[in-house]
Amino acid sequence: MANPSSVLAEITLATERLVATCRHLSDADLKAPSPLPGWSRGHVLAHVSRNADGFVNLFTWARTGVETPQYPSQQARDADIEAGAPRPVGEQIADLEASARRFRDAATSLPVAAWDAEVRVRGGHKIKARDLPWMRLREVEIHHVDLDAGYTPRQWPAKFTDQLLTETTGDFARRTDVPPIRLKSQAVDVVIGVGDPDMIVSGEAHAVAAWLLGRSDGAGLAVAPAGPLPPLPTWR
């Protein structure tokens, strides 16, 4: 995993890009559906803000050693997103910026030794605190695309895309519910799924990553032998 400090700078830039997109949206735009089932654009933005605060809780856990859950409960998480979704764009932007500052303050004040502390993310999976900046960057970049407001996977920074694709293919390579496929891009040449692949899917790294994440129908990807792309299970 990349040095946490270097990822923090990338998070700042990614957040600035997200806020810049939001400044071109109206209150009515935020009420429109996002590509995520059941969520408006407002839900997406409320989630990004609450995700930052959830990670602040995990930094607190790493710093103090006192178990501090990412969210009080699944119900509390969902309720906070629902409550935040209808807010006007100005309030959403203010929340994005304020929660981003809280995240950065918590990260930059973390003692060096605490980066190796173990915490549990939502769902119970254990990680080290040093993984949190990458997870936050992933949230901001992917959900920026989920706004469906002009920012696309093609605009993801190359470094981010390559790491995301490496991570995603690694996840799918260990799953038994994924059809065996050989994936090829400038970033990876790897087999996902179980068994010998009888299909090669190739394309630019951002296009392959977006398809695996369910953020694209696979437009721009090549399939050999020619035919439709297979259905994929939900990532994570």
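Residues 3 to 238 in our numbering are what the sequence shown lists, from first letter to last. Using N, Cα and C, we set each Cβ at its ideal position, and we do this for glycine too.
Proximity to residue i [Cα-Cα], best of the options
i	options	result
D31	L10, D82, S75, G92	G92
P232	I194, V121, R140, K128	I194
R89	T14, H45, E12	H45
P71	R43, T23, I129	I129
S42	A207, H146, A115	H146
T66	S111, L10, A85	S111
N53	R25, L223, T17	T17
E99	R25, A81, A85, A34	R25
T14	A85, A48, A109, G222	A109
D29	D82, L47, P227, D148	L47
L27	G152, Q165, D200	G152
L38	P6, P230, D148	D148
V123	R79, K161, L166, T23	R79
Inter-residue CB distance, residue i and residue j (contact presumed, cutoff 8 Å)
i	j	result
F105	V50	Contact flag wrong, Cβ pair sits at about 11 Å.
T236	G220	No, T236 and G220 are not in contact; Cβ-Cβ is about 15 Å, not under 8 Å.
S218	S204	Between S204 and S218 the Cβ distance is about 14 Å, and since that is not below 8 Å, they are no contact.
A211	P135	So it is not a contact: roughly 19 Å between Cβ atoms.
P131	F61	Going by the sequence as given, residue 131 is Ala instead of Pro. Correct: roughly 7 Å between the Cβ atoms.
V240	W63	For the chain, the structure presents residues 3 to 238; residue 240 sits outside this window and is missing.
Collapsed DSSP secondary structure at residue i in the structure displayed
i	result
E18	helix
P35	strand
R104	helix
S75	coil
V123	coil
S111	coil
S218	coil
S28	coil
T154	coil
V147	helix
V240	Shown here, the chain extends from 3 to 238; a query on residue 240 therefore has no answer.
L177	Note that residue 177 is Arg in the sequence shown here, rather than Leu. It is coil, neither helix nor strand.
R140	helix
Residues that residue i bridges to, as DSSP identifies them
i	result
A224	S204
I194	I183
K128	R122
S42	P35
For residue j and residue i, the rounded distance between their alpha carbons
i	j	result
D107	I202	45 Å
R138	D150	19 Å
H208	V114	33 Å
Q157	E143	9 Å
S75	A119	22 Å
I183	G126	30 Å
L214	V180	10 Å
S36	S8	31 Å
V192	L185	5 Å
P159	Q94	24 Å
A87	V225	39 Å
E141	V68	25 Å
D102	L10	In the sequence as displayed, the identity of residue 102 is Ala instead of Asp. Whole-angstrom Cα-Cα distance: 10 Å.
K33	G56	24 Å
D198	R177	14 Å
D97	R19	15 Å
G172	D82	32 Å
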